[in-house]
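Student: Chains as they are written, first to last, in my numbering: chain A, 1 to 394; chain B, 1001 to 1379. Glycine is no exception: its CB is placed at the ideal position from the N, C-alpha and C atoms. Treat the numbers as computed from the prediction; the structure is a model and nothing was measured. One structure follows; several queries about it will come next.
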Amino acid sequence: MKEIILIKDGELALKGLNRSTFEDVLIKNMKEKIRSLGEFRFVKSQSTITVEPQSEDVDLDEAVARIGKVFGIVGISRAAVCEKEIGAIVQTAYDYLKNELAFAGTFKVKAKRSDKKFPYDSPAICDEVGGFLLSKLRGLKVDVHNPDVTVTVEVREKYAYIHATQLPGAGGMPTGTGGRACILISGGIDSPVAAYMIAKRGVKLTAVHFASPPYTSELAEMKVHELLGKVSAWSGRINLFTVHFTALQEAIRDYCPEEMFTVTMRRIMMKVASRIAVWQGADALITGESLGQVASQTIHALKCTDECAALPVFRPCIGMDKSEIIEISRKIDAFDISIRPYEDCCTVFTPRHPRTRPTPEYAREVEALIPEEERLIEEAVKSARLLVIDAYND
Amino acid sequence: MDLDIYLDNSATTPLCDEAKEAMLQAVTSCYGNPSAVHGKGIEARKQIELARAAVASVMGAAPEEVYFSHSGTLANNTAVIGAALAREKQGKRIVTTATEHPSVALAFDALERRGFEVIRLSPGPDGAFDPMELLGALDRRTVLVSAMLVNNELGFVNPVETIAQAVRRAGAPALIHVDAIQGYGKLPFKVKTLGADLLTVSGHKIHGPKGVGALYVKKGVHIRSVVYGGGQENGLFSGTENVPGILGFGAAARALGSVGDTLARVRARRDELLSMLSQNPAVKINSPKNALPYIVNLSVPGVPSQVLINYLSQRGIYVSAGSACKKGHRSDVLVKMGLPPVRIDSAVRVSLSRLTTAEELRTFAHALEAAVRDLRVKL
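Okay, here's the thing in structure tokens:
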């Protein structure tokens, strides 16, 4: 039996004349994700995109799972394809859905006929299909108001499609329709979630990670690679830049008061990340900061770090509780990786009593204590090594 | 990195040439199933028996008292759970130490959840624990006493012989299990002198391969199995034998030579290392004076373990964290020895093998000096 995937796009419907462009981006994104699974054909028609595998041995379960992570889609259905002939439709509906219906108590049939020349109208199709299923499956009952399973028959241009359960899509906007932003990623729980949330609004991702060997371990870097792998299953390809940050960390330790270690480090991170972001054509920075979560994320500390960014800083987790962030972290399958206990840049040289109400004036004074800061920043930017991360393509 | 100085031999060791050769021969020609009754099977069976004799002889056991398992962990699990289940009708009290390896400690936790009473003795400030406390813990319902021979973090040697005598004196029906994974092939011992009924060893700590261990079960002692299957190794460790692993283990055991002579040589090297390190006031030695010389646990207070490990690793020198430490939870052993937190958090374990050279230890000592300088330790 030939099977295809039916895609319902979401918010795109609201976008008027841009619609076609948005759909093209959506198709391109889907192609990227399932390319390695085999050949597919994509067809736009009415409010649906059909994805047709071009060979029998394609892993459709995996294709559906991957398309489930493409932003800009509200619903996904797997459908059986059959000839536009009522006998074939009835038989296919039974063959295709008998296992699903075997465990359902109630069902209803919904028909859509876009080909008005088809000799049966919608109520007649429902009667035929429903009647046949009732005669074949003992114990099954019709419930038009609240059925366990809704069988949908769509009679279209060339073929009829039969499907049941519609799976929810990833929502959001197609990646690439919203520009590019740069996530500062540490390896904790929050930053992958922040990256996912902004990517969901159609934004492509660049990432910057700060490594301070020997104070941080290679394992911490590998953890970041894995976390971004999880995010890229949703966002598509991510360009990760790993910055060698040791010299700056040591300079902060040697020249700044301990209570300002973290704020000063965050200020410098903003500066380094801004330069890489601008160079990469990103128009915003993203951080996983959540108001008040730690001393460097108080409203006063954020005021001190924000002024060092050359671009707008998106902080999608800012108003969220840890439990809400964890919920999304689990959803994107990042949580178990995030909680592995390796030291990252944010935990080296942690002050015992950080200042929670620093002022920008004081922060600037403290930062000015670092000799040759500009040269160190320049060297850190130059040290950045690129790694392309893409969950579904080598 | 062309210069590899591997000083994490208590975690695992590289294969020695003898083991490598035996394994290569096993994977290429000795591929029969040892349970098979044809020529290929019989050949594999014969080779396994030779390996068994070699592994047994290092601990002074008869070959038929040694059973090969698929790991040291499986052997420890089987010894602990198998002995407890075999004797539970006689009593449900178990005595062990608070410093066992997880393959013993977590097996006891599981037994505790099933209604056994588990007494965990704490080590004293020198690392070893008090035989009198042990005597107090024993009663006539005690069915198992388990203690490691050599502590894996600090290298101190538990007084296993004294424990065995205490058990006999208390008239407890207990079996005595010794986790000798860190001691086997390093500390000369005989199972009979130790008084062990069950004793665990592992291949990969003595330059043998990973994925093979062995359990000594004294003749006449019966324990339950925890693995069900084809009944290999007298029913204790079902599953087709890991023939290359077993033959590699056997070859590594044969290659040990005189354990006593090797110990003396390693002690001399360790003493030289300690005297080099004593020049540097930033380096503190955590291992007790009487520790087995294969393990030197040390701290550079102010430099977290992981930072020193990373620093040395960048220079091709491999050591491990000195304290089995989960985040927010410090090693019991080091806490019980009364070490301050700053020393525990900076502890690293340098572990030697019989193949470690004096030159390697000198290079390590110099690198450690450089680390103290580069990482700018506040004294």
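Closer than 8 Å, CB to CB, is residue 385 of chain A near chain B or not?
Tutor: Position 385 of the first sequence, counted from the first residue, corresponds to residue 385 of chain A. No, because no Cβ of chain B sits closer than 8 Å to the Cβ of residue 385 of chain A.
Student: Taking beta-carbon pairs under 7 Å, can you tell me which members of the stretch 210 to 223 of chain A lie near chain B?
Tutor: 213, 214, 215, 217
Student: Please return the same chain residues whose Cβ sits closer than 6 Å to the Cβ of residue 2 of chain A, not counting the five positions on each side in sequence.
Tutor: Counting from 1 along the first sequence, the entry for residue 2 of chain A is found at position 2. So the list reads 81, once near-sequence residues are dropped.
Student: Which residues in chain A sit within 7 Å of residue 1311 of chain B, going by Cβ to Cβ distance?
Tutor: As a first step, residue 1311 of chain B must be located in the second sequence, where it is residue number 311. Result: 214.
Student: Can you say whether residue 278 of chain A is buried or exposed, counting buried as having 16 or more other CB atoms within 10 angstroms of its CB?
Tutor: Residue mapping note: residue 278 of chain A aligns to position 278 of the first sequence, counting from 1. That one is exposed.
Student: Residues of the stretch 1289 to 1312 of chain B with a CB closer than 7 Å to any CB of chain A: list them in chain order, please.
Tutor: 1306, 1307, 1310, 1311
Student: Within 8 Å of any Cβ in chain A, is that where the Cβ of residue 1314 of chain B sits?
Tutor: The residue you call residue 1314 of chain B lines up with position 314 of the second sequence. Chain A, which has a Cβ nearer than 8 Å to the Cβ of residue 1314 of chain B, makes this yes.
Student: Taking the alpha carbon of residue 124 of chain A as the point to measure from, which residue in A:375, A:87, A:394 has its own alpha carbon closest?
Tutor: Here the question's residue 124 of chain A lines up with position 124 in the first sequence. Comparing Cα positions, the closest option is A:87.
Student: For residue 92 of chain A, which residues does DSSP report across the bridge?
Tutor: Mapped onto the first sequence, residue 92 of chain A falls at position 92. Answer is none; residue 92 of chain A lacks a bridge partner.
Student: Just verifying my parser: in three-state terms, what is the DSSP assignment at residue 79 of chain A?
Tutor: Within the first sequence, numbered from 1, the residue matching residue 79 of chain A stands at position 79. Correct three-state label for residue 79 of chain A: strand.
Student: Under 8 Å, do residue 209 of chain A and residue 224 of chain A count as touching if we go by C-beta distance?
Tutor: Taking the first sequence and counting its residues from 1, the one referred to as residue 209 of chain A is at position 209. Taking the first sequence and counting its residues from 1, the one referred to as residue 224 of chain A is at position 224. Yes. Within cutoff.
Student: Does the stretch 141 to 152 of chain A come into contact with the stretch 87 to 107 of chain A, if we say contact requires no fewer than three beta-carbon pairs (one atom in each stretch) closer than 8 Å?
Tutor: yes
Student: Check for me: the beta strand (DSSP E) holding residue 1148 of chain B runs from which residue to which?
Tutor: Walking along the second sequence from the start, residue 1148 of chain B turns up at place 148. Per DSSP, residue 1148 of chain B belongs to the beta strand (DSSP E) from 1142 to 1148.
Student: From this set, A:27, A:391, A:291, A:46, which residue's C-alpha is nearest residue 226 of chain A's C-alpha?
Tutor: Residue 226 of chain A sits at position 226 when you count from the first residue of the first sequence. Cα-wise, what sits closest to residue 226 of chain A is A:391.
Student: So, using beta-carbon positions, are residue 309 of chain A and residue 262 of chain A closer together than 8 Å?
Tutor: Taking the first sequence and counting its residues from 1, the one referred to as residue 309 of chain A is at position 309. Taking the first sequence and counting its residues from 1, the one referred to as residue 262 of chain A is at position 262. Not in contact: residue 309 of chain A and residue 262 of chain A (Cβ atoms no closer than 8 Å).
Student: Is it buried or exposed, residue 1327 of chain B, if we count other Cβ atoms within 10 angstroms and call 16 or more buried?
Tutor: In the second sequence, counting from the first residue as 1, residue 1327 of chain B sits at position 327. Because the pLDDT at residue 1327 of chain B is just 48, under 50, the model does not fix this residue reliably, and the value given afterwards should be weighed accordingly. Residue environment: residue 1327 of chain B is assigned as exposed (fewer than 16 neighbouring CB atoms within 10 Å of its CB, all protein chains considered).
Student: Pick from A:4, A:110, A:61, A:272: whose alpha carbon is nearest that of residue 51 of chain A?
Tutor: Numbered from 1 along the first sequence, position 51 holds the residue referred to as residue 51 of chain A. For residue 51 of chain A, the nearest C-alpha among the options comes from A:4.
Student: Taking a contact to mean a Cβ-Cβ separation below 8 Å, would you say residue 1034 of chain B touches residue 1217 of chain B in this structure?
Tutor: The residue given as residue 1034 of chain B occupies position 34 in the second sequence. The residue given as residue 1217 of chain B occupies position 217 in the second sequence. Taking 8 Å as the Cβ cut-off, residue 1034 of chain B and residue 1217 of chain B do not qualify as a contacting pair.
Student: Alpha carbon to alpha carbon, what distance is there between residue 370 of chain A and residue 1348 of chain B?
Tutor: As a first step, residue 1348 of chain B must be located in the second sequence, where it is residue number 348. As a first step, residue 370 of chain A must be located in the first sequence, where it is residue number 370. One C-alpha to the other measures close to 33 Å.
Student: So, residue 201 of chain A versus residue 155 of chain A, is the Cβ gap smaller than 8 Å?
Tutor: Within the first sequence, the letter at position 201 stands for residue 201 of chain A. Within the first sequence, the letter at position 155 stands for residue 155 of chain A. Result no, Cβ atoms of residue 201 of chain A and residue 155 of chain A do not sit closer than 8 Å.
Student: Indicate whether residue 1264 of chain B and residue 1206 of chain B have their beta-carbon atoms separated by less than 8 Å.
Tutor: Along the second sequence, read from residue 1 onward, the residue named residue 1264 of chain B stands at position 264. Along the second sequence, read from residue 1 onward, the residue named residue 1206 of chain B stands at position 206. Taking 8 Å as the Cβ cut-off, residue 1264 of chain B and residue 1206 of chain B do not qualify as a contacting pair.
Student: For residue 461 of chain A, is the classification buried or exposed, using 16 other Cβ atoms within 10 angstroms of its Cβ as the cut-off for buried?
Tutor: Any answer about residue 461 of chain A is impossible in this case: the structure gives chain A only from 1 up to 394.
Student: When you measure from the CB of residue 1202 of chain B to every non-hydrogen atom of the ligand ATP, does any distance come out below 7 Å?
Tutor: Inclusion of the ligand ATP in the displayed structure is not the case, the ligand content being empty and no account of it being possible.
Student: Please say whether residue 291 of chain A and residue 314 of chain A have beta carbons closer to each other than 8 Å?
Tutor: Numbered from its first residue, the first sequence carries residue 314 of chain A at position 314. Numbered from its first residue, the first sequence carries residue 291 of chain A at position 291. Not a contact, by the Cβ cut-off of 8 Å.
Student: Mapping the DSSP letters down to three states, classify residue 1327 of chain B as helix, strand or coil.
Tutor: Taking the first residue of the second sequence as position 1, residue 1327 of chain B is located at position 327. The predicted position of residue 1327 of chain B is uncertain, since its pLDDT is 48 and thus under 50; no value can be drawn from it.
Student: Please tell me whether residue 305 of chain A and residue 357 of chain A are closer than 8 Å, where the distance is taken between their beta carbons.
Tutor: Here the question's residue 305 of chain A lines up with position 305 in the first sequence. Here the question's residue 357 of chain A lines up with position 357 in the first sequence. Taking 8 Å as the cut-off, the beta carbon of residue 305 of chain A is found no closer than this to the beta carbon of residue 357 of chain A.
Student: Mapping DSSP to helix, strand and coil, what is residue 162 of chain A?
Tutor: As a working note, residue 162 of chain A is residue 162 in the first sequence. Three-state result, residue 162 of chain A: strand.
Student: Across which residues does DSSP place residue 154 of chain A in a beta bridge pair?
Tutor: Here residue 154 of chain A refers to the residue found at position 154 of the first sequence. In DSSP, residue 154 of chain A forms a bridge with A:112, A:161.
Student: Counting only runs of 3+ residues fully inside the stretch 30 to 80 of chain A, write out the beta strand (DSSP E) ranges in chain order.
Tutor: 40 to 45, 48 to 53
Student: Are residue 34 of chain A and residue 67 of chain A closer than 8 Å when you measure CB to CB?
Tutor: Along the first sequence, one-based indexing puts residue 34 of chain A at 34. Along the first sequence, one-based indexing puts residue 67 of chain A at 67. In this structure, residue 67 of chain A lies closer than 8 Å to residue 34 of chain A by Cβ.
Student: With 16 other CB atoms within 10 Å as the buried threshold, where does residue 23 of chain A fall?
Tutor: To locate residue 23 of chain A, count along the first sequence from 1; it is residue 23. Buried, because 16 or more other Cβ atoms sit within 10 Å of the Cβ of residue 23 of chain A.
Student: For residue 111 of chain A, which of A:122, A:230, A:206 has the nearest alpha-carbon?
Tutor: Along the first sequence, one-based indexing puts residue 111 of chain A at 111. Ranking the options by Cα distance to residue 111 of chain A, first place goes to A:122.
Student: Does the Cβ of residue 1070 of chain B have 16 or more other Cβ atoms within 10 Å, making it buried, or fewer, making it exposed?
Tutor: In the second sequence, the residue the question calls residue 1070 of chain B occupies position 70. Taking all protein chains in view, the Cβ of residue 1070 of chain B is crowded by 16 or more other Cβ atoms within 10 Å, so the residue is classified as buried.
Student: Using 8 Å for Cβ pairs, my map puts residue 162 of chain A next to residue 89 of chain A. What's the rounded Cβ distance?
Tutor: Indexing the first sequence from 1 puts residue 162 of chain A at position 162. Indexing the first sequence from 1 puts residue 89 of chain A at position 89. Indeed, because the Cβ distance is near 7 Å, the residues count as touching under 8 Å.
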